[in-house]
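Visitor: Here this note's numbering runs 126 ahead of the position in the sequence shown, where the first position is 1.
Note that CB positions come from ideal geometry on N, CA and C, so glycine has one too.
Note that the structure is a prediction, hence the values are computed from the model and not measured.
Supplied in structure tokens, the structure appears directly below.
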Amino acid sequence: MKPQKLTIVGGGSTYTLGMINSLIAEKAAFPLSKITFYDIDEQRQASNAKATEILLREAYPEVEEFVYTTDKETAFSDADFFFIQIRTGGLPMRERDEQVPLSYGCVGQETCGAGGMAYGLRSIGDMITLVNDIRHFAPDAWILNYTNPAAIVAEALQREFPHDNRILNICDMPAAIMVSYAQLLGCEIWDLVPEYFGLNHFGWFTKVRNREGVDLTDEIKRIILEEGISAVDPEIADDPSWQATFKNMQTMLKDNPQYLPNTYLQYYLYPEKMVEKEDIANTRARQVINGREKRVFSLNERIIAAGTTANERLHADIHGRYMVRVAASLAYNRGETYLVIVPNDGAIPNIQNDAMVEVPAALTNDGPKRFAVGTIPTFQKALIEGQLGYEKLVVDAWFSGDRQTLVNALTLNRTVVDVPKAQQIVDELLRVNGDYLPQFH
């Protein structure tokens, strides 16, 4: 296999070292000759990069060249693959995304509801600029994007680059759920073949089979209903917030046992309950700032000081391994099936063709080949159409700079609904995000 050249955009992310561990775990399937980090935050990236240099020396000597830079030409030239994981505004703006809706009694969450709208609006411009710059230096490279909120970003990129079939938007949440299914069943995630439909962070597993074709869906439902389900991926297993989220899957399944739900549906099905559990002074963003962020950069410091990773417990998480396996299937024309975000184009015939849906697809070097899902039931169809309308209106608003379009979007969103609240939240979020969204001012 020809080794690939990979650029990670967002090299300063707290997920970067985990991604390197995933690349090491999957190096037989996706060999690399060069890794490049790119970020606008030189200090954060340097911390990750100096630790990565040590990790690569010890565990991935096959990588011939490792570079970290804030220069786009250096980072983007001659790359085969790009993994994009940016957060416009960083964690401080995520905290504001969560606090503003909560102050009006609405869900405050980074990808769902009004907070997700603000994050999406900030992400669109940077993502469009990045893709244009990448295409200038690497016109044929694969761009694998997992920048959140993926649904809004995917919608915007599809409009801006409708003929670029080497952009693929991906989310690891279905895979993180499947890791927990595998634990319930005593198998590996890669042994499971899911059937799934929806929008990003807004979907359902209809069937889960093993590779021999045995339907395991009813057994998974039985275990969840009788015993519950836990977050088991190493990246989230020790996180109380994620454990509470997975616990809610039992509630969602009891209330509607038709399909296995995505965890994020809790915000849309139980918005009042989600608001009640939040502390506006200690939102999820604040917990990450005080927890994960400190933990990751402290880990880097220890590795750099010791000059070795031998004293640390490092692991590859599903966030990275799923992305790497997706890349390998594309690079080497394996045609393996993964859940990805693609234009509907009839996969779900009773929703509009230009919806960006999350469905199974075979991944080849000619791009994703989506599988037909078929007609979906009225309940899920109605929920999806409301959410889809919200997502499309958010992107409309970014291009037009029209405040009323944002109000209409939040009125459709199940976490808000109320028009006066939508108006107040939009005005507050536009004020807070003024430097990022000049088109609205």
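F208 bridges to which residues according to DSSP?
Guide: DSSP lists T133 and I269 as partners of F208.
Visitor: Report the three-state DSSP secondary structure of G493 (helix, strand or coil).
Guide: In the structure shown, G493 sits in a strand (DSSP, three-state: E or B).
Visitor: Taking 9 angstroms as the threshold (C-beta atoms), are N416 and W330 in contact?
Guide: The answer is no: Cβ separation not under 9 angstroms.
Visitor: Can you give me the C-alpha to C-alpha distance between E188 and L132, rounded to a whole angstrom?
Guide: About 14 angstroms.
Visitor: Pairs of beta-carbons, one from the stretch 437–448 and one from the stretch 137–144, closer than 8 angstroms: are there three or more?
Guide: Judged by Cβ distances under 8 angstroms, the stretch 437–448 makes contact with the stretch 137–144, as three or more pairs qualify.
Visitor: Please confirm if the stretch 466–478 is in contact with the stretch 287–304, defined as three or more CB-CB distances below 8 angstroms between the two stretches.
Guide: Touching, yes.
Visitor: So N130 packs on F207, CB below 8 angstroms; how close in whole Å?
Guide: Reading the sequence as shown, one finds Gln at residue 130 and not Asn. So it is a contact: roughly 6 angstroms between Cβ atoms.
Visitor: Candidates G433, I477 and G493: which alpha carbon is nearest A454's?
Guide: Among G433, I477 and G493, the Cα nearest to that of A454 belongs to G493.
Visitor: Under the three-state reduction of DSSP, which class applies to S229: helix, strand or coil?
Guide: S229 falls in the helix class under three-state DSSP.
Visitor: Could you say which of D471, V452 and I355 lies nearest to M375 if we only look at CA atoms?
Guide: Taking only the C-alpha atoms, the option nearest M375 is I355.
Visitor: Distance, Cα to Cα, P486 vs Y322?
Guide: Cα to Cα, the separation comes out at about 7 angstroms.
Visitor: Could you tell me the distance, in whole angstroms, from the CA atom of D223 to the CA atom of E554?
Guide: The straight-line gap from Cα to Cα measures roughly 10 angstroms.
Visitor: Is the beta carbon of R335 less than 9 angstroms from the beta carbon of L318?
Guide: Yes, these two residues count as a Cβ contact at 9 angstroms.
Visitor: In whole angstroms, what separates the C-alpha of I212 from that of P300?
Guide: Their backbone Cα atoms lie some 20 angstroms apart in a straight line.
Visitor: Would you mind giving the Cβ-Cβ distance between A244 and V542, rounded to the nearest angstrom? I have them listed as a contact below 8 angstroms.
Guide: That pair is no contact at about 13 angstroms.
Visitor: Run the CB neighbour count on S173, radius 10 Å, all protein chains shown included, and call it buried at 16 or more, exposed below.
Guide: Buried, since its Cβ has 16 or more Cβ neighbours within 10 Å.
Visitor: Among the residues of its own chain, which have a CB less than 6 angstroms from the CB of D365, if the five just before and after it don't count?
Guide: So the list is empty, once near-sequence residues are dropped.
Visitor: At which residue ranges does the stretch 244–292 contain complete beta strand (DSSP E) runs of 3 or more residues, listed in the order of the chain?
Guide: As far as the stretch 244–292 is concerned, its whole beta strand (DSSP E) runs of at least 3 residues are 268–271.
Visitor: Count the other CB atoms within 10 Å of the CB of W316; is the residue buried (16 or more) or exposed (fewer)?
Guide: Exposed, by the Cβ-count rule.
Visitor: Given this structure, state the Cα-to-Cα distance separating I269 from V257, to the nearest angstrom.
Guide: C-alpha separation (whole angstroms): 8 angstroms.
Visitor: Within the continuous alpha helix (DSSP H) that includes T343, where are the two ends?
Guide: Here the alpha helix (DSSP H) through T343 covers T343 to E353.
Visitor: Pick helix, strand or coil for S356, following the three-state DSSP scheme.
Guide: Note: S356 maps to coil in three-state DSSP.
Visitor: Which whole runs of the beta strand (DSSP E) in the stretch 491–525 are 3 residues long or more, in chain order?
Guide: Entirely contained in the stretch 491–525, the beta strand (DSSP E) runs reaching 3 residues are, in chain order, 493–496.
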